[in-house]
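Residues in the sequence shown are numbered consecutively from 187, following my numbering.
Where is the CB? At the ideal position from N, CA and C, for every residue including glycine.
Keep in mind the model is a prediction, meaning the values are calculated, not measured.
Data first, discussion second: the structure below is written as structure tokens.
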Amino acid sequence: MLAAQQTVSPEVQSLYQNARTAQAANDNDTAVADYLKIIRLDPKLGAAYNNLGRLYYNMGRFSDAVPVLVRGLRIDPSMHPAEIILGASYYQMGSFDKARGSLEAALKSLPDDRFARITLVHALMEQNNLDEAVQQLRHLTSSDPKDQEAWYLLGKLQLQLSQQAFERVHAIDPNSPLSHELSGEIMESMKNTPGAIAEYKKALEVAPNDGGAMEHLANAYWNSGEWAEARDSFEAILQHDASNCLAHWKLANSLDELNASPDDALKQVDAALATCPALAQARVEKARILLRLGKAADALPQLLSAEKTAPDEPSIQVLLARTYKALGDSAHAAEADAKFKQLLQAEHAKEENHAADVIRANQ
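Following this line, the structure appears as structure tokens:
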């Protein structure tokens, strides 16, 4: 790098080669001594400051790196790699404002330098500038969608931002419908369904016609298999929003699970499909009801349509296998059964890979 910057004396060039050789042999003290000699011989040689500052940084001597790099940048402000190491040194010393300034300046000239940007992210996090850190991480994930560390930090920061926002919601009015809905969602995420249901009920006590609370309550009942309560809750939703296709579908499913009138269930699923013809779940539900009625021939087109919309859904293949068997088509039944097993294996492999990624990200 010395020769590339400007003409140097043979003595300086010899010292530079000695320093590089010493570094390669992990003899950093000798390399430091040689770089200091170079600076004494040629105090205007900016590259020497860059090399010495970088060496100090690699040795963990951050307080020594800073003045060397600052002086080098005064001599040659175009040494943007030195600016990055200066910012990283400031970060390691806990001077996050200075780190941010140096790193942001360097990134204007070297926008693709990952080390500079990820170090800036850490500095912003230390300053609690989470929104700006998220912006930097989005830049990293956009540049490299496989940057695992950036994705991990992005998820971590978004959780922190969510927590701060949730705390603010409760602080504004802890008895508002939104506060109770939020508490319910948090409880659901923790698998505390009874607690979530209690919170959604509190929200409806405050605002009986709150659509969000009604849907949360109905879905909580539905997800936990409390079919009678789910039926009543979805019926309540449809009194306020008759075109809610998801509510029609889930009401049909609840009626089916309760072994209620198939005609009533079909009426609800047809209402769902009238509004949302591409709703694969509704077609699957209709096929399930038709199979219960012994109408396999009518169920088949519903399942084939659903399969086009959701080709990777294993449950559709289970019903297709049942339908083909009922129709006496053993070849297609075996094909559907084989595809079900294939999709199930793919799901398991995906879950295992995700678990491995999480473990690696936390190591």
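| Asked | Found |
| --- | --- |
| Which residue marks the beginning of the alpha helix (DSSP H) containing G480, and which one marks its end? | First-last for G480: undefined, no H or E at that position. |
| Tell me the DSSP secondary structure of N361 in three-state form. | coil |
| Does the beta-carbon of M376 have 16 or more other beta-carbons within 10 angstroms, so that it is buried, or is it exposed? | exposed |
| By alpha-carbon positions, which one of S447, E412, V455 and S410 ends up nearest to C431? | V455 |
| With distances taken from CA atoms, which of L345, N539, Y386 and G381 is nearest S365? | Y386 |
| Would you mind stating whether A433 and L441 have Cβ atoms separated by less than 8 angstroms? | no |
| Can the beta-carbon of A389 be found less than 8 angstroms from the beta-carbon of E367? | yes |
| Tell me, to the nearest whole angstrom, how far the beta carbon of A458 is from that of A438; I am working on the premise that it is less than 8 angstroms. | 7 angstroms |
| Report the option in E443, G514, D298 and S501 whose CA atom is closest to the CA atom of A483. | G514 |
| Answer with buried or exposed for L489, where buried requires no fewer than 16 other C-beta atoms within 10 angstroms of its C-beta. | buried |
| Count the other C-beta atoms from every protein chain shown that fall within 10 angstroms of the C-beta of A382, then say buried if there are 16 or more, exposed otherwise. | buried |
| Can you look up A451 in the DSSP assignment and give me helix, strand or coil? | helix |
| Sort L296, N315, R300 and L293 by Cα distance to F282 and report the nearest one. | N315 |
| Compare the beta carbon distance of L403 and S429 with 8 angstroms and say whether it is the shorter of the two. | no |
| Ends of the alpha helix (DSSP H) at Q313? | Element bounds for Q313: n/a, residue is neither H nor E. |
| Quick one: grab the DSSP three-state call for L201. | helix |
| With DSSP as the reference, label S419 as helix, strand or coil. | helix |
| By Cβ distance, which residues of its chain are closer than 6 angstroms to A512, with the 5 residues on each side in sequence left out? | A482 |
| For the 8 angstroms Cβ check, are there 3 or more pairs between the stretch 345-364 and the stretch 326-334? | no |
| Sorted by chain position, which residues of the same chain lie with C-beta nearer than 8 angstroms to L477's C-beta, five sequence neighbours on each side aside? | A485, L505, R508, T509 and A512 |
| Apart from the five residues just before and just after V320, which ones in its own chain have a Cβ nearer than 8 angstroms to its Cβ? | L340, L343, Q344 and L347 |
| Looking only at its chain, what residues have a beta carbon closer than 7 angstroms to the beta carbon of P363, apart from the 5 residues adjacent to it on each side? | A389, V392, A393, D396 and A399 |
| Within the same chain, show all residues whose beta-carbon is closer than 6 angstroms to that of D427, passing over the 5 residues directly before and after it, in chain order. | none |
| Here's the rule I'm using: 16 or more other beta-carbon atoms within 10 Å means buried, otherwise exposed. How should E537 be labelled? | exposed |
| What do you reckon, are the CB atoms on L272 and V256 nearer than 8 angstroms? | yes |
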